[in-house]
Amino acid sequence: MLTGNIGTIRLGPRGGITGLDLPALLIQAQALGYDQPLLARLLPFAERGMVTGAMKTQTET
């Protein structure tokens, strides 16, 4: 879901990932017939991983 929805990734003023648009992702999940309660629990972990990974990548370069 995340790889196909680049528009749901929130970017900061310097272009770094600051989070996900969780309400938009849940609306898309509903439209696609995915399990919304499950995604509501999992997406915050995905968000945290993406933000942490992006920060790590930025500090390594």
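Position in the sequence shown (from 1) plus 5 gives the number in my numbering.
In this text, a Cβ means the ideal position worked out from N, Cα and C, and glycines have one as well.
Quick caveat: nothing in here was measured; it's all calculated off a predicted structure.
Should residue i go down as buried or exposed, given a rule of 16 or more other Cβ atoms within 10 Å for buried?
i: residue 43; result: exposed
i: residue 65; result: exposed
i: residue 37; result: exposed
i: residue 25; result: buried
Measuring straight from C-alpha to C-alpha, what distance separates residue i and residue j?
i: residue 17; j: residue 58; result: 15 Å
i: residue 23; j: residue 15; result: 6 Å
i: residue 50; j: residue 33; result: 18 Å
i: residue 62; j: residue 47; result: 23 Å
i: residue 70; j: residue 60; result: Residue 70 lies beyond the range of the chain shown here (6 to 66); nothing can be said about it.
Closest to residue i by CA distance: which of the options is it?
i: residue 53; options: 27, 31, 10, 41; result: 27
i: residue 10; options: 56, 41, 31; result: 31
What span of residues does the alpha helix (DSSP H) with residue i cover, start to end?
i: residue 23; result: Not the alpha helix (DSSP H): residue 23 falls in the beta strand (DSSP E), residues 22-25.
i: residue 46; result: 41-65
Quick check on the DSSP output: the beta strand (DSSP E) that includes residue i runs from which residue to which?
i: residue 16; result: 14-16
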